[in-house]
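Working notes, beginning with the structure itself.
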Amino acid sequence: MSRLKVLLASSEVYGFAKVGGLGDVAYALPKALRSLGVDARIIAPMHRKKGRKVGTINVKLGKRDVQAEIYLSRVNSVPLYLVGGGGYFPRNQIYGYEDDFERYLFFSKAIVEFLKGYNFWKPNILHLNDWHTGLTAAYVKSEGLPIKTLFTIHNLGYQGDVDTSKLNLLSLREDITDLIIHNNRINPMKAGIVLSDAVNTVSVKYSREIQTPEFGFGLDSVLREIKDKLYGIINGVDYSVWSPFRDPYIYRKYSTRTLERKEENKKMLSSEMKIKPSDRPLIGIVSRLTHQKGIDVFLEAIEEFLEDRTVSLVLLGTGEDYIENKAKAICDEFSDVVGISIKYDEVLAHKIYAGSDMFAVPSRYEPCGLTQMIAMRYGSVPIVRNTGGLSDTVIDPNENKNCARGFKFESLDVEAIKKALSRAIDVYENDREYWKILQLNGMRADFSWRGSARKYLALYKRLLSS
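Following the numbering used here, the numbering of the sequence shown begins with 29 at its first residue and continues without gaps.
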């Protein structure tokens with residue numbers, strides 16, 4: 029059998045243009061696939077000019093012909109095709125424009141024209157990601173292209189839907205158009221779900237959760253209808269970037285054999301964040317400060333512990349004003365035990381993972397989550413809501429005492445969080461031997477991309493044999 033060829037389409041790629049976890053996946057998964065013998069490549073919008081121009085293709089948007097320029101570059105040793113032109117790409121930001129639907133429609137159609145027009149490399153699998161590429165599946169189906177499609181849902185909460193006044197831009201067959209309308213709106217997320225050959229989410233539990241009204245964002249009935257082609261594959265962690273024994277950004281490198289050095293990182297982090305050093309547990313948060321992440325409720329729950337000086341808190345992130353303001357107010361009130369940084373700071377993130385004893389991820393929903401897996405690698409014990417990928421990756425002592433590596437709580441409310449915090453603090457203060465077991469279990473857990481890539485490879489092969 030000839031070498032498997034996979035083209036992964038993503039709106040963002042770490043090392044080139046990134047906003048969230050999608051960029052990390054697009055960066056790491058193709059390289060992991062290549063290590064397994066797959067000829068994996070990436071196609072993305074040209075958010076900034078890079079590489080050499082390899083061609084021009086025509087993209088039809090309604091009655092307009094728009095020229096798309098294709099550039100070839102590399103990222104993480106993987107070939108990267110970049111799509112620009114039409115005034116859509118590049119721009120200063122990846123998202124946030126009034127014409128975002130049109131921009132990513134242009135990108136989606138350009139992918140199909142690229143597949144049709146370039147004969148030097150023909151992939152067997154087109155791996156689409158989130159709503160920005162969902163309409164690509166519609167055009168592949170509409171034009172009958174001989175390629176299998178996999179659509180990965182990273183976050184169902186963002187669907188890219190617009191009103192039907194934009195239908196004139198699509199030029200799709202009527203039967204295909206009917207399938208991408210949801211609640212009288214064009215829905216690219218639905219297009220990817222319904223028209224791809226297979227669909228996966230980035231954790232097993234999230235694949236089940238999105239079939240319910242609570243997590244389905246209005247598409248739960250659609251997802252129940254396609255459940256036989258719906259899978260869950262957890263994202264991986266890039267251990268070349270996230271490992272305490274080789275991390276160039278932390279104060280003192282350490283491993284499972286030298287875990288006592290983590291305490292030095294805690295002292296240095298406390299000093300940098302202007303927190304009084306002490307024996308109390310230090311809780312870390314590295315997160316977008318948005319409604320989804322549940323930080324607003326966590327900050328309310330932790331106030332009592334801060335008031336008693338039972339814990340310290342270090343928080344890094346940016347987001348919605350009301351959560352940022354809540355974090356600032358808590359820092360002002362408890363300045364001796366709270367340090368915050370309202371910005372994006374990759375270096376400080378590394379230091380927080382290394383210097384914290386516990387790590388909070390209280391998400392309302394979490395398709396996968398990377399921060400809890402990174403925290404475990406650094407021996408920071410996660411306290412998480414029992415949802416999505418958090419549920420799949422963290423084991424609570426009540427589930428399996430010997431294999432435990434964190435603490436879970438069910439409902440996102442103040443009392444549930446307080447109970448989880450109290451359980452974690454109790455072990456930290458009164459059973460250091462078991463606390464070390466929790467740390468070591470987390471540090472030894474394997475969430476590498478190679479394991480995730482093997483599961484994707486198995487799914488690709490299943491698609492090709494069907």
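Beta carbons: idealized from backbone N, C-alpha and C, even for Gly. From a predicted model like this one, the values you see are computed outputs, not experimental measurements.
Rounded to whole angstroms, the gap between the alpha carbons of K59 and Y279 is 29 Å.
Of the other Cβ atoms in all chains shown, fewer than 16 fall within 10 Å of the Cβ of A357; this residue is therefore exposed.
In the three-state scheme derived from DSSP, where H, G and I count as helix and E and B as strand, L247 is classed as coil. By a beta-carbon distance limit of 8 Å, G345 contacts I313. Their separation comes to about 7 Å. Given a length threshold of 3 residues, each whole run of the beta strand (DSSP E) inside the region 326-405 is given here in chain order: 340-344, 366-369, 386-389. For the 8 Å CB-CB criterion, K446 and E291 do not form a contact.
The Cβ atoms of L32 and Y393 lie no closer than 8 Å to each other. Nearest neighbour of N458 by Cα position, chosen from A329, L398, P309, turns out to be P309. With a contact defined as Cβ atoms closer than 8 Å, L64 and R482 qualify at about 7 Å. K81 sits exposed, since fewer than 16 C-beta atoms from the chains shown fall within 10 Å of its C-beta.
Non-local beta-carbon contacts of E374 in its own chain, meaning distances under 8 Å to residues more than five positions away in sequence, involve Y277 in chain order.
By the criterion of at least three beta-carbon pairs nearer than 8 Å, the region 151-158 is not in contact with the region 196-211. Contact annotation, V140 with E97: C-beta distance approximately 16 Å; criterion of less than 8 Å not satisfied.
Runs of the alpha helix (DSSP H) lying entirely within the region 33-106, each at least 4 residues long, are 49-63 in chain order. Exclusion of the five residues before and after A329 leaves V442, I445, K446 as the residues of its chain whose Cβ lies within less than 6 Å of its Cβ. For F148, the number of other beta carbons within 10 angstroms of its own is below 16, and it is reported as exposed. When the beta-carbon positions are compared, A72 and S38 come within less than 8 Å of each other. Here T177 carries a strand assignment [DSSP, helix/strand/coil]. Leaving aside the five residues that flank I423 on each side, the residues in its chain whose CB is nearer than 8 Å to its CB run, in chain order, C431, A432, R433, G434, N469. Cα atoms of A166 and I402: separation of roughly 36 Å, rounded to the nearest angstrom. In the three-state reduction of the DSSP assignment, N469 falls in the helix class, which pools H, G and I.
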